[in-house]
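To keep things clear, I will list the structure first and then write my remarks on it.
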Amino acid sequence: MDIQKFQESMYSLIVETSTNLPKDVRRAVKSAKQRENAGTRSALSLTTITNNITMADDNVSPICQDTGLPTFKIKTPVGVNQLEIKEAIRNAIILATKGGKLRPNAVDSLSGENSGDNLGEGLPVMKFDQWEKDYIDVRLILKGGGCENKNIQYSLPMEIEGLGKAGRDLDGIRKCVLHSVYQAQGQGCSAGFIGVGIGGDRSSGYDLAKAQLFRSNEDVNPNEDLRKLEEYIMETANELGIGTMGFGGETTLLGCKIGVMHRIPASFFVSVAYNCWAFRRLGVKVSPETGEINEWLYQDGEKIDFALEAEKAAKEEVAAAIEAEVEAPREIILQAPITEEQIRELKVGDVVRINGRMYTGRDAIHKHLSENPAPIDLDGQIIYHCGPVMLKDEEGKWHVKAAGPTTSIREEPYQGDIMKRFGIRAVIGKGGMGPKTLEALSEHGGVYLNAIGGAAQYYADCIKSVEGVNFTEFGIPEAMWHLNVEGFTAVVTMDSHGNSLHKDVQQSSLAKLSQFKEPVFK
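Position 223 (the sequence shown) corresponds to 219 in our numbering; numbering is contiguous.
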């Protein structure tokens, strides 16, 4: 095999996976958009999502800033050198990272040091199988950290929140899968997709669950029991009212695929791999002689071009909203530094458009600020939970290539104290935060603003310049970037009066979940 050609093929696969959403996923997003009520927060989110997909297409830039953990599933004919394939994939990963198609995301678990090229112990993940077909099958999924953190595993029998006892049977499995959707809320960038693995041990169960994400979203399960369960979950999960980004709404789940394997008598695991709407999964068939791509996978059916539909859809949404008499959310312009008086005027549901300065801060920054002074004056300022994709030009100037929000709940131990200590008035992220932060918002006069998860191109376009950076020693995603923004849009979901949309949606969806306690499958 021409290994150089194979490396070029792998580079193409990586770039396409990062920047070009598969056809089946696009169709699922379109269906969700058509189901959603016009004028709602979820409708606004889905419009932003479809705009983001179009921008990623046009710019050949990452759909989401979070590279996640690149996972390759590779099938090779007998006799193909898998060591050469590994090296070619590693080289392609380095090139894609250098070119801004992937964010440097590989961190040493002990030192916290970022390798800078997405390589490290165990990274990227490559799983090989041999087969007797005459081509190499390579599939790649880029599964971000926000949705990875919402994976969950159940050990039956057990008591499940809202659903009661789940036994070692199909109905117990049903309760596990339904609960897995509920517990994700908006933190995994809903509406999402799930892969479910029944059986195995703890590790093989998760492998089976993730393997389901490599199935087409529109295939039919050959196992009749699992087919019925998949259909039930798709219907029932969308009655929970969690909605896009956890804002409430008609669509919470876009796909459900379930697989089964044998187990030992003592263990009964149900493992669920949750994936966000930005379902970046593609595959190719490669010639083992030339190393060239012969065929792209997941290409069946119509490819939705959201750019062609945008103008028509916008007119229809406005007309539908007027007909339904949906009250448009308030829109408020904010420019930092922000006063406490301005913050106290905001309420849950307001749409905020930000102009001026904001500062990124993720896990490393929050831990550092909890123990050290800030490098700049943060009084009245905005912290953005974001790990952007950045590229430096020949003149040494930084440019933002992708900049969507990260899941905020990880900062719950720090956020409230840091806001009060440094005078921060607003925090932007996704998925909401907990009671400690909500209490601090009321006490201090602050708000939590929910940006649209995965909309990395949409928000990168709002960033007009990079004015500085601190803590690059923490790595590109964890550094504190000083950004000038224009028209940066987010929704107030936690205000300074003790109100939290996330808390309300969680409580209402739990009540709806509890309606499905009774057995469905005998």
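Even glycine gets a Cβ: it sits at the ideal position worked out from N, Cα and C.
Cutoff 7 Å; reference residue i; Cβ partners in own chain excluding five residues on either side
i	result
Leu138	Thr13, Ser14, Thr63, Gly64, Pro66 and Arg276
Glu226	Asn217, Cys252, Lys253 and Ile254
Val21	Asn213 and Phe275
Glu321	Confidence at Glu321 is low in this model, with a pLDDT of 48, below 50, so its placement is unreliable and no value can be given for it.
Gly464	His478
Contact belief for residue i with residue j at Cβ below 8 Å, rounded distance in angstroms
i	j	result
Ile(-1)	Ala84	6 Å
Gln61	Ala452	4 Å
Val488	Val443	5 Å
Asn351	Val481	7 Å
Ser438	Ser510	Going by Cβ atoms, the distance from Ser438 to Ser510 rounds to 29 Å, so no, they are not a contact pair.
Gly142	Gly184	6 Å
Tyr178	Asn290	Wrong, their Cβ atoms sit about 43 Å apart, outside the cutoff.
Check whether residue i and residue j have beta carbons under 8 Å apart
i	j	result
Ala205	Val268	yes
Lys171	Ile148	no
Lys499	Glu288	no
Thr402	Gly430	no
Lys129	Pro58	no
Val348	Ile328	yes
Tyr380	Tyr355	yes
Ser505	Gly237	yes
Leu374	Phe418	yes
Gly450	Gly242	no
Asn466	Pro371	yes
Asn586	Ala39	Any answer about residue 586 is impossible in this case: the structure gives the chain only from -3 up to 518.
Pro120	Gly471	no
Met122	Ile190	no
Ala332	Gly376	yes
Ile334	Ala422	yes
Ala456	Ala399	yes
Gly158	His175	yes
Arg358	Gly383	yes
Asn110	Leu98	no
Ala303	Thr50	yes
8 Å CB neighbourhood of residue i in its chain, flanking five on each side removed
i	result
Leu278	Leu9, Glu12, Thr13, Asn16, Pro18, Arg135, Leu136, Trp292, Leu293 and Tyr294
Tyr7	Ala88, Leu91 and Ala92
Glu298	Lys19 and Arg23
Close-in-space but distant-in-sequence residues of the same chain around residue i (CB under 6 Å, 5 per side omitted)
i	result
Lys29	Leu42
Lys397	Ser57, Gly96, Val385 and Leu387
Gly483	Arg349 and Cys458
Trp394	Met386, Lys388 and Val462
Ala315	In this predicted model, Ala315 has a pLDDT of only 49, less than 50, meaning its place in the structure is not dependable; the value taken from the coordinates is given anyway. For Ala315, where only same-chain residues beyond five positions count, there are no Cβ hits under 6 Å.
Leu330	Val348 and Ile350
Gly182	Met241, Gly242 and Gly427
Selection from the options that minimises the alpha carbon distance to residue i
i	options	result
Cys272	Thr240, Tyr410, Gly392 and Thr286	Thr240
Arg406	Asp389, Lys432 and Lys388	Lys432
Val25	Ala187, Gly494 and Glu482	Ala187
Val173	Ile472, Ser111, Lys97 and Phe265	Phe265
His478	Lys253, Gly158 and Ile378	Ile378
Glu435	Gly494, Gln338 and Ile90	Gly494
Asp197	Lys71, Ala39 and Ala262	Ala262
His440	Ser496, Ile459 and Asp413	Asp413
Leu166	Cys185, Leu152 and Asp125	Leu152
Glu246	Ile169, Gly35, Glu285 and Arg358	Gly35
Asp86	Glu117, Gly428 and Glu109	With the sequence shown as reference, residue 86 is identified as Arg, and Asp is not the correct amino acid for it. Of Glu117, Gly428 and Glu109, the residue nearest in Cα terms is Glu117.
Leu342	Met490, Lys94 and Gly141	Met490
Asn219	Lys416, Val256, Ser176 and Glu231	Val256
Gln78	Gln503, Glu390, Leu106 and Asp133	Asp133
Asp125	Asp104, Gly75 and Ala486	Gly75
Arg211	Met154, Asp296, Ile361 and Gly168	Asp296
Leu497	His364, Thr468 and Asp346	Asp346
Tyr454	Glu4, Arg37, Thr44 and Ser27	Thr44
Residues that DSSP places opposite residue i in a beta bridge
i	result
Met386	Val396
Trp292	Val280
Arg349	Ile329 and Thr485
Thr335	None, per the DSSP bridge assignment.
Gln126	Thr72
Lys426	Thr403
Val462	Leu479
Thr67	Val121 and Ile137
Thr356	Tyr380
Phe2	None, per the DSSP bridge assignment.
Distance cut-off 7 Å: residue i Cβ against heavy atoms of the ligand GTP
i	result
Arg170	Of ligands this structure carries none, so the ligand GTP is not represented either.
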